[in-house]
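This report refers to the structure that appears directly beneath it.
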Amino acid sequence: MGDEIPSCPSPIYLLPPAPPPTPSPTPDPLESTTRNGGFTPNRRPPLRFTTEFDSEGPLFLHKVSCKFFDSLAKLKFSFQNNTKGEIFCPQLGFITKNLSVLYDFESRNALLRGSLDLGQNLQLRTTYDVQSDQIWIPEYIGIRWSTKYSSVSFNCKNKKSILTSLYFGSVFQFNYQYHKEQLGAVAVIASLPNPSVKLELSSSVPSNGLPRAALQFPYGEIALEQRENVEEKIEGKKILSVDGILKSPMLNGIGTVVYNGNDLNLRYIYKDTKLSFIPCINLPSNKVSFAFKRRFSPSDKFSYWYHFDSSAWSAVYKHTIGKDLKIKAGYDSDVRLGWASLWVGPEDGKTKDAPRKLKAQMMLQVPQDGIKSSALMFRVKKRWDF
Numbered sequence: 093m094g095d096e097i098p099s100c101p102s103p104i105y106l107l108p109p110a111p112p113p114t115p116s117p118t119p120d121p122l123e124s125t126t127r128n129g130g131f132t133p134n135r136r137p138p139l140r141f142t143t144e145f146d147s148e149g150p151l152f153l154h155k156v157s158c159k160f161f162d163s164l165a166k167l168k169f170s171f172q173n174n175t176k177g178e179i180f181c182p183q184l185g186f187i188t189k190n191l192s193v194l195y196d197f198e199s200r201n202a203l204l205r206g207s208l209d210l211g212q213n214l215q216l217r218t219t220y221d222v223q224s225d226q227i228w229i230p231e232y233i234g235i236r237w238s239t240k241y242s243s244v245s246f247n248c249k250n251k252k253s254i255l256t257s258l259y260f261g262s263v264f265q266f267n268y269q270y271h272k273e274q275l276g277a278v279a280v281i282a283s284l285p286n287p288s289v290k291l292e293l294s295s296s297v298p299s300n301g302l303p304r305a306a307l308q309f310p311y312g313e314i315a316l317e318q319r320e321n322v323e324e325k326i327e328g329k330k331i332l333s334v335d336g337i338l339k340s341p342m343l344n345g346i347g348t349v350v351y352n353g354n355d356l357n358l359r360y361i362y363k364d365t366k367l368s369f370i371p372c373i374n375l376p377s378n379k380v381s382f383a384f385k386r387r388f389s390p391s392d393k394f395s396y397w398y399h400f401d402s403s404a405w406s407a408v409y410k411h412t413i414g415k416d417l418k419i420k421a422g423y424d425s426d427v428r429l430g431w432a433s434l435w436v437g438p439e440d441g442k443t444k445d446a447p448r449k450l451k452a453q454m455m456l457q458v459p460q461d462g463i464k465s466s467a468l469m470f471r472v473k474k475r476w477d478f
């Protein structure tokens, strides 16, 4: 169906283009301080306000942030509210390079994260989850030491989970993971003379069978693992299972073979500047499908998918106007739904990169079996910088 609409916020009407900035006037003596007989303007901390609205909620999400001391520290406040004006999840955060504090007003709880460089190659990281009625209890602590040829890291969370990693150059790596309430895991990774070829041996702790062996190489990966015999349903009996993925250039495209248990998936991808063709077959179910994509111009593109086993199909047409306006329309026969959407602002970019720092999407969904139940949804995100 159509692209998922990223979370965003209340309808905001587009304003006419703002006039070009005028040269800043001479600093006002009331906003200046005297230094060495001259005036030095006082810089106000940059203030940023962002609001989002999602019509499916419907909820508003607001964020206010302010940077201090030449961006060395940031104060952030966020909250949500519905159309009735009720406020939810108010949070206040103070963030620096080595320390961050996040306070939740509803739970009256604070989360602290900090890091400390103990030397050129040694760093200490920790996190505290502070309840208002409890003494400060360490929630997470981590330490790492690294040099050019080796590295050691240790992480502990809730006294229940431990993760240790050792690196010796680019050839050898050792990982150990432990869970108090679950099985732990240990892994050894070795790079063969070719840096792109690696052999990994991993096992649960305590061990309940042979370790899993995986060989990674430029054209894919092959893994050998011991699993329960599900077909014969004999408790305690295990068999060796092979999984793998292989890729190789083929007929001006790329052929891919994926094997998982008893399923084999064969796929071929051909792609040039204007055309893409992707047939796919799954064995032993014999499910066949293909995707077809055609670019008519830099601003127009058509995509089509068809599944032979179910006769289900879907199609999407996309038209872009510049980099900040995009129109899409499509149909999905599986859910019998047609849709059309309009993007204002870059679809994948950040709000600060959008014109007037505003992103919006409107989508119209029209069910084939009930046109009267059509729905219009929209999401908006707007940022103001002061």
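Heads up: the sequence shown begins at 93 in my numbering, then just goes up one per residue.
Quick reminder that beta carbons are idealized off the backbone N, C-alpha and C, glycines included.
Classified as buried, A446 has 16 or more neighbouring CB atoms from the shown chains inside 10 Å of its CB. With a threshold of 16 other beta carbon atoms within 10 Å, W476 falls short and is exposed.
Taking the C-beta atoms as reference points, F382 is found nearer than 8 Å to Y398.
Here A165 is near T188, since their CB atoms are less than 8 Å apart. Comparing alpha-carbon positions, the option among S368, Y360 and A404 lying closest to F394 turns out to be S368.
In this structure, V334 is the residue among K366, F470, V334 and G345 with its C-alpha nearest to the C-alpha of D355.
Straight across, the Cα-Cα distance linking L151 with G430 is about 26 Å. By the CB criterion at 8 Å, G312 and I337 fall inside the cutoff. Counting only the Cα atoms, D424 lies some 16 Å from D401. With contacts defined as CB atoms closer than 8 Å, S192 and R205 qualify as a contacting pair. V427 and A452 do not touch by the CB rule: their CB atoms are close to 25 Å apart, not below 8 Å. As computed with DSSP, R475 is found in a beta bridge with T142. F197 counts as exposed, since fewer than 16 other C-beta atoms from the protein chains shown sit within 10 angstroms of its C-beta. Spanning the alpha carbons of T142 and S391 requires a straight line of approximately 30 Å. Note on geometry: alpha-carbon atoms of L468 and F186 lie some 38 Å from one another.
Taking the CA atoms as reference points, L434 sits about 15 Å from V458.
DSSP places D209 within a strand segment (E or B) once states are collapsed to three. Between the C-alpha atoms of K168 and Q183 there is a straight-line separation of about 8 Å. According to the DSSP assignment, E313 belongs to the beta strand (DSSP E) that extends over G312 to E320. Counting C-beta atoms within 10 angstroms of its own C-beta, K444 has fewer than 16 neighbours from the protein chains shown and is therefore classed as exposed. Between K290 and A282, the C-beta spacing is below 8 Å. Going by DSSP, R200 is part of no beta strand (DSSP E) at all; its letter is neither H nor E.
Looking at the DSSP output, T175 shares a beta bridge with no other residue. In summary, R319 is exposed, with fewer than 16 beta-carbon neighbours lying within 10 Å of its beta-carbon over all protein chains present.
Counting only residues of its own chain and dropping the five nearest sequence neighbours on each side, N173 has a CB closer than 6 Å to the CB of F152 and I179. Per DSSP, the continuous beta strand (DSSP E) segment holding T412 begins and ends at A404 to I413.
Collapsing the DSSP output to three states places D445 in a helix.
Collapsing the DSSP output to three states places K464 in a helix.
Remark: C-beta atoms of L316 and L332 approach each other more closely than 8 Å.
Counted as a single uninterrupted DSSP element, the beta strand (DSSP E) harbouring R386 occupies residues K379 to S389. Rounded to whole angstroms, P310 and N352 show a C-alpha spacing of 19 Å.
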